[in-house]
Amino acid sequence: MSALADDTDDESLGSALRRSTLLRHGVFFVALAAVLLVATYLVSPFHDYEIAGVAIYTIAAAGLTVLTGANGQISLGHGALMMIGAYTTSVLLQWRPGLPMIVTLLGAVVSTGLAGSIIGVAGARLRGPYLAGATLALAVALPQIPLHFAGVFGGNQGLNVASPTAPAALGADFPNERWLAWLCLAAALVTLFLLANLLSSSVGRRLRTVRDNEVAARLAGVDVARTQVLAFVISAVCAGLAGALFAYWVSITSPTGFTLTLSLQLLTAVVIGGLGSLTGAVWGSIILIYLPVLTGDLASNLSLSSDVANNVPLAIYGVVLVVAMLVFPRGLQGALVSLARQLARVIRMRGTVLPAVPSAPEQ
Amino acid sequence: MAISVKATLAPLAYVTSSGVLALTAAALEVGDVSVRFGGVVALDGVSLTVDRHEIVGIIGPNGAGKTTLFNAVCRLIAPAGGTISYAGRSLLREKASRLPHLGIARTLQGLGLWPTLTVLENVIAGSPQRTRLFADMLASPASDTRAQTTEGHAMSALGELGIADRARVYPGSLPHGVQKRVVIARALTAQPSLLLLDEPASGLSSAEVEELIVLLRELRTRMGIALVEHHVDMVMAVSDRVTVLNLGRVIASGTPAEIRANTDVSTAYLGQPVAHA
Numbered sequence: 001m002s003a004l005a006d007d008t009d010d011e012s013l014g015s016a017l018r019r020s021t022l023l024r025h026g027v028f029f030v031a032l033a034a035v036l037l038v039a040t041y042l043v044s045p046f047h048d049y050e051i052a053g054v055a056i057y058t059i060a061a062a063g064l065t066v067l068t069g070a071n072g073q074i075s076l077g078h079g080a081l082m083m084i085g086a087y088t089t090s091v092l093l094q095w096r097p098g099l100p101m102i103v104t105l106l107g108a109v110v111s112t113g114l115a116g117s118i119i120g121v122a123g124a125r126l127r128g129p130y131l132a133g134a135t136l137a138l139a140v141a142l143p144q145i146p147l148h149f150a151g152v153f154g155g156n157q158g159l160n161v162a163s164p165t166a167p168a169a170l171g172a173d174f175p176n177e178r179w180l181a182w183l184c185l186a187a188a189l190v191t192l193f194l195l196a197n198l199l200s201s202s203v204g205r206r207l208r209t210v211r212d213n214e215v216a217a218r219l220a221g222v223d224v225a226r227t228q229v230l231a232f233v234i235s236a237v238c239a240g241l242a243g244a245l246f247a248y249w250v251s252i253t254s255p256t257g258f259t260l261t262l263s264l265q266l267l268t269a270v271v272i273g274g275l276g277s278l279t280g281a282v283w284g285s286i287i288l289i290y291l292p293v294l295t296g297d298l299a300s301n302l303s304l305s306s307d308v309a310n311n312v313p314l315a316i317y318g319v320v321l322v323v324a325m326l327v328f329p330r331g332l333q334g335a336l337v338s339l340a341r342q343l344a345r346v347i348r349m350r351g352t353v354l355p356a357v358p359s360a361p362e363q
Numbered sequence: 364m365a366i367s368v369k370a371t372l373a374p375l376a377y378v379t380s381s382g383v384l385a386l387t388a389a390a391l392e393v394g395d396v397s398v399r400f401g402g403v404v405a406l407d408g409v410s411l412t413v414d415r416h417e418i419v420g421i422i423g424p425n426g427a428g429k430t431t432l433f434n435a436v437c438r439l440i441a442p443a444g445g446t447i448s449y450a451g452r453s454l455l456r457e458k459a460s461r462l463p464h465l466g467i468a469r470t471l472q473g474l475g476l477w478p479t480l481t482v483l484e485n486v487i488a489g490s491p492q493r494t495r496l497f498a499d500m501l502a503s504p505a506s507d508t509r510a511q512t513t514e515g516h517a518m519s520a521l522g523e524l525g526i527a528d529r530a531r532v533y534p535g536s537l538p539h540g541v542q543k544r545v546v547i548a549r550a551l552t553a554q555p556s557l558l559l560l561d562e563p564a565s566g567l568s569s570a571e572v573e574e575l576i577v578l579l580r581e582l583r584t585r586m587g588i589a590l591v592e593h594h595v596d597m598v599m600a601v602s603d604r605v606t607v608l609n610l611g612r613v614i615a616s617g618t619p620a621e622i623r624a625n626t627d628v629s630t631a632y633l634g635q636p637v638a639h640a
């Protein structure tokens with residue numbers, strides 16, 4: 001009531017942030033972009049390359065978060081959708097080598113969006129394990145197609161993709177890896193921004209009503225099938241964008257890059273990170289990239305035979321999944337959130353100890 | 364959005380048909396509806412009307428077909444025969460998800476709340492909204508404004524049920540009686556013209572039932588209500604008309620007094636307690 005001028009200013013800023021989703025998410029993502037920009041300068045080009053990988057997996061995992069986390073549809077076929085995006089990009093570049101990246105990315109988004117709507121319409125009739133089975137079939141079958149149409153898709157050899165080179169304006173010794181990291185991070189931040197807006201909006205709420213109780217959702221005016229197709233398309237588009245960037249990242253698009261393992265890795269990344277949380281998708285993607293790096297170092301330090309060393313990352317990945325699910329049933333993000341709550345409670349308790357009267361111990 | 368749909372669409376049918384008689388025109392008309400599950404006849408030639416500003420109680424023993432009747436009206440199951448119309452418009456070609464847009468709201472027997480949504484979100488999601496994918500993705504200011512409007516409606520629905528202070532918690536943490544209120548608030552947020560309540564009194568204390576009766580009488584001034592309920596005394600206290608189902612058939616229909624006096628009903632279902640109640 002007896003407000004100082006400063007206080008009211010703070011309040012109006014605070015309430016503006018509370019009212020405007022655009023402002024709130026915009027400020028957060030611009031700040032995050034600035035931090036990441038600095039970070040790419042601080043690390044070596046090799047680590048920039050790894051950061052690009054995290055960004056790519058984050059895009060696909062964020063899409064899967066919308067589908068599996070928010071809408072409750074399980075997909076074991078997102079590796080296949082990434083493959084559609086990667087091949088769209090690679091075939092477009094084969095046809096016109098100088099095509100700007102934005103065009104090939106849009107091409108990948110359109111083609112996976114189409115594929116996603118077809119799978120989504122079929123998937124809207126399937127539930128739980130049946131949907132998982134159908135998408136699993138996709139993940140297994142799709143990598144066979146480039147082998148049969150080797151003329152277009154390059155068969156087993158795959159198609160080469162020239163990795164993007166940094167514009168001359170950035171200086172002659174600007175590493176291409178850093179430029180690639182910028183492009184991938186930009187795509188990831190835009191994707192996360194759009195999905196964060198979506199999940200906090202009425203569409204996001206509707207996705208969750210379908211996951212929680214379909215009958216109640218229908219009675220509340222939600223067209224369940226349409227909502228499920230929508231979730232599938234959004235998620236497929238993300239996978240397609242990730243796939244297109246993946247093609248630039250690994251410089252070659254071949255069927256061996258998109259095996260069932262990729263689909264499973266994406267799903268486990270989303271689960272380990274924290275199902276339904278976009279931040280969780282980021283944690284999961286970091287694990288996807290850095291766990292093999294760490295375990296690879298470990299294996300070489302122990303000087304194991306190459307047969308064993310090659311399989312150590314996979315084995316440790318499995319162990320991490322099991323342990324993570326036992327220790328953090330709500331994923332890393334869930335664990336971090338409850339840790340933060342406990343810390344906040346401890347700090348509040350410290351504050352209330354001073355008055356000596358243990359009144360109102362806010363639960 | 365939803366308000367304007369009802370305010371213009373549903374009442375218009377009455378007003379244009381015949382001025383004063385508008386209020387007596389049946390809003391929901393169920394005519395000779397039959398439902399079969401395989402060889403089992405769940406509903407057999409059931410007819411029923413629910414007018415605006417009227418509470419119609421539907422009672423009957425377990426398996427009588429009360430919830431099946433609601434499911435048929437809500438298009439969750441397809442009847443084998445008969446007609447179902449609302450405000451003169453056949454519902455048989457509508458999807459279940461269209462009904463809220465036509466002004467029909469329904470509660471579910473087993474609460475049916477969304478556990479991972481807060482009470483407020485549950486109630487907000489109770490009113491149908493158009494999908495505005497790109498506006499929502501870009502977080503347009505219009506999207507925020509719409510969200511604030513629907514939140515306002517939801518808060519007033521929660522306020523009407525006296526649970527506005529529970530808006531930010533998850534329904535699972537609330538006592539059963541409060542969850543039942545959330546269910547009704549969710550049905551009311553779209554401001555329906557017809558409310559189908561499936562066992563609203565189950566699990567409530569007698570004090571809570573009394574409060575529910577007061578609420579239903581208040582709601583009757585704004586909408587028609589069909590009430591499926593096992594709590595016979597409550598149905599008799601609050602209903603204008605009562606329909607009794609047994610084994611999928613209507614065995615009696617009339618005012619609560621007529622139903623109490625009906626010997627078929629008392630032998631088939633009500634038994635002695637009501638006779639001297």
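If you read the sequences in order, they're chains A and B.
Here the first sequence stands for residues 1 to 363, where the numbers follow the numbering used here.
Here the second sequence stands for residues 364 to 640, where the numbers follow the numbering used here.
Where is the CB? At the ideal position from N, CA and C, for every residue including glycine.
All figures in this text were calculated on a predicted structure; none of them were measured in a lab.
Extent of the continuous alpha helix (DSSP H) run through residue i
| i | result |
| --- | --- |
| Arg612 (chain B) | Not the alpha helix (DSSP H): Arg612 (chain B) falls in the beta strand (DSSP E), residues Arg612 to Gly617. |
| Ser410 (chain B) | From DSSP, Ser410 (chain B) is part of no alpha helix (DSSP H) but of the beta strand (DSSP E) over Val403 to Asp414. |
| Ile316 (chain A) | Ser306 to Val327 |
| Ala188 (chain A) | Asn176 to Leu199 |
| Tyr87 (chain A) | His78 to Trp95 |
| Ala498 (chain B) | Leu496 to Met500 |
| Gly325 (chain B) | No statement about residue 325 (chain B) is possible, as the shown extent of chain B runs from 364 to 640 and does not include it. |
Whole-Å CB distance - residue i paired with residue j, under 8 Å assumed
| i | j | result |
| --- | --- | --- |
| Ile418 (chain B) | Leu610 (chain B) | Not quite, the Cβ-Cβ distance comes to about 25 Å (not below 8 Å), so this is no contact. |
| Phe232 (chain A) | Ile119 (chain A) | 6 Å |
| Gly647 (chain B) | Val605 (chain B) | Because residue 647 (chain B) is not part of the residues shown, which for chain B are 364 to 640, the question remains open. |
| Ala80 (chain A) | Ser263 (chain A) | 7 Å |
| Ile252 (chain A) | Asn160 (chain A) | 6 Å |
| Gly475 (chain B) | Asn213 (chain A) | 5 Å |
9 Å Cβ cut-off: residues of chain C touching residue i
| i | result |
| --- | --- |
| Arg125 (chain A) | Absent from the structure is chain C; the protein chains it does hold are A and B. |
Test: residue i CB closer than 9 Å to a CB of chain A
| i | result |
| --- | --- |
| Val572 (chain B) | no |
| Arg549 (chain B) | yes |
| Ala553 (chain B) | yes |
Residue-level contact to chain B via CB, residue i, 9 Å cutoff
| i | result |
| --- | --- |
| Val195 (chain A) | First, the residue type needs correcting, since residue 195 (chain A) is Leu and not Val in the sequence shown. So, interface residue. |
| Asn160 (chain A) | no |
| Arg345 (chain A) | no |
| Asn176 (chain A) | no |
| Arg341 (chain A) | no |
| Val203 (chain A) | yes |
| Leu230 (chain A) | yes |
| Thr209 (chain A) | yes |
| Arg330 (chain A) | no |
| Arg348 (chain A) | no |
| Arg396 (chain A) | A question about residue 396 (chain A) goes unanswered here, because the residues of chain A that appear run from 1 up to 363. |
Interface partners of residue i on chain B, CB under 7 Å
| i | result |
| --- | --- |
| Leu198 (chain A) | Asp499 and Met500 |
| Asn213 (chain A) | Gly475 and Trp477 |
| Ala220 (chain A) | Pro463, Ala488, Gly489 and Pro491 |
Chain-ordered chain A contacts of residue i [CB-CB under 8 Å]
| i | result |
| --- | --- |
| Pro504 (chain B) | Ser20 and Leu22 |
Residue range of the unbroken beta strand (DSSP E) whose run includes residue i
| i | result |
| --- | --- |
| Leu558 (chain B) | Leu557 to Asp561 |
| Arg604 (chain B) | Arg604 to Asn609 |
| Leu590 (chain B) | Gly587 to Val591 |
| Ser448 (chain B) | Gly444 to Tyr449 |
| Val467 (chain B) | Sequence inspection shows Ile at residue 467 (chain B); the Val mentioned does not correspond to that position. Start and end: Ile467 to Arg469. |
Cross-chain neighbours of residue i in chain A, by beta carbon under 9 Å
| i | result |
| --- | --- |
| Lys458 (chain B) | Arg218 and Asp223 |
8 Å Cβ cut-off: residues of chain B touching residue i
| i | result |
| --- | --- |
| Arg206 (chain A) | Ala488, Gln492 and Thr494 |
For the segment 477-500 of chain B, enumerate the residues whose C-beta is nearer than 8 Å to any C-beta of chain A, in chain order.
Listed by position along the chain: Trp477, Pro478, Thr479, Leu480, Glu484, Ile487, Ala488, Gly489, Ser490, Pro491, Gln492, Thr494, Arg495, Leu496, Asp499 and Met500.
Going along the segment 11-25 of chain A in order, which residues come within less than 7 Å of chain B, judged by CB to CB distance?
So the list reads Arg19, Ser20, Thr21, Leu22 and His25, given in the order they occur along the chain.
The segment 460-472 of chain B: positions lying closer than 7 Å to chain A by Cβ
From the segment 460-472 of chain B, only Ser460, Pro463, His464, Arg469 and Leu471 have a Cβ closer than 7 Å to chain A.
Short of 8 Å Cβ to Cβ, which residues in the segment 506-531 of chain B face chain A?
Per Cβ criterion, the list reads Ser506, Asp507, Arg509, Ala510, Gln511 and Thr513.
Which of the residues in the segment 430-452 of chain B, read from start to end, lie with their CB under 8 Å from any CB of chain A?
For the segment 430-452 of chain B, the set of positions with a beta-carbon nearer than 8 Å to some beta-carbon of chain A reads Cys437 and Leu439 in chain order.
Quick one, which residues of the segment 32-44 of chain A are near chain B if we go by CB-CB under 8 Å, in chain order?
Along the segment 32-44 of chain A, there is no position whose C-beta sits under 8 Å from a C-beta of chain B.
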